[in-house]
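Colleague: A single structure is presented below for examination.
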Amino acid sequence: MVIQYSDYIEEKKYTDLSSKNDGSLECYNEDAINASILNILLTNPGTIPFNIGFGAGLNIGIFENDSTYISDVISNALDIVAKYEQRITINKASVEVTAYSDGSTLDLYIPYVINSTGRSEYFYKRLAF
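Given below as structure tokens:
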């Protein structure tokens, strides 16, 4: 199946895409953004060739059950998400993290605004490492 530009615009098959002035398409669907956030959070730094700064590596540093340590790790992770997911603005003051006593499970709630639409959305995931 060949997907043409008109498929995106006229038939509205792909509602998470919008046309930009340079002819490219921009994705702003919250599911796509949430998948991107999860990818950034779980990718270990140094694993992407030619972009060694990409990734927050949450899966390699959450085993401490110290709230200050977890706060620092999450703060760093949010900075990395903000750097690489530029379709959104994160509301850092409203981020909620629940660390479980097993030392390897987190509930992560990250509210954000989609820059192109102004719509408020959120990322929520229970991460078990």
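Its first residue numbered 0, the sequence shown is counted upward by one per residue in numbering that gives the first Met the number 0.
For every residue, glycine included, the Cβ atom is placed at its ideal position computed from N, Cα and C.
#1: Among 121, 42, 127 and 100, whose alpha-carbon lies nearest the alpha-carbon of residue 31?
#2: Look up residue 109 in the DSSP assignment and say whether it is helix, strand or coil.
#3: With 16 other CB atoms within 10 Å as the buried threshold, where does residue 99 fall?
#4: Quick check on the burial criterion: 16 or more other C-beta atoms within 10 angstroms. Buried or exposed for residue 42?
#5: If you run the structure through DSSP and keep just helix, strand and coil, what is residue 29?
#6: Please tell me whether residue 87 and residue 69 are closer than 8 angstroms, where the distance is taken between their beta carbons.
#7: Considering only residues of the same chain and omitting the five flanking positions on each side of residue 47, which have a CB-CB separation below 6 angstroms?
Modeller: In this structure, then:
#1: The residue you call residue 31 lines up with position 32 of the sequence shown. Sorting 121, 42, 127 and 100 by C-alpha distance to the C-alpha of residue 31 places 121 at the top.
#2: Start at 1 with the first residue of the sequence shown, and residue 109 comes out as number 110. The three-state reading of DSSP puts residue 109 in strand, counting E and B together.
#3: Here residue 99 corresponds to residue number 100 of the sequence shown, with the count starting at 1. Exposed, by the Cβ-count rule.
#4: Taking the first residue of the sequence shown as 1, we reach residue 42 at position 43. Buried is the label assigned to residue 42, since at least 16 other Cβ atoms lie within 10 Å of its Cβ.
#5: Counting from one through the sequence shown, the residue named residue 29 turns up at place 30. The three-state secondary structure of residue 29, taken from DSSP, is helix.
#6: Sequence index remark: in the sequence shown, residue 87 carries index 88 (1-based). Sequence index remark: in the sequence shown, residue 69 carries index 70 (1-based). Not closer than 8 angstroms, so no.
#7: Translated into the one-based positions of the sequence shown, residue 47 becomes position 48. Excluding positions up to five away in sequence, the list reads 53.
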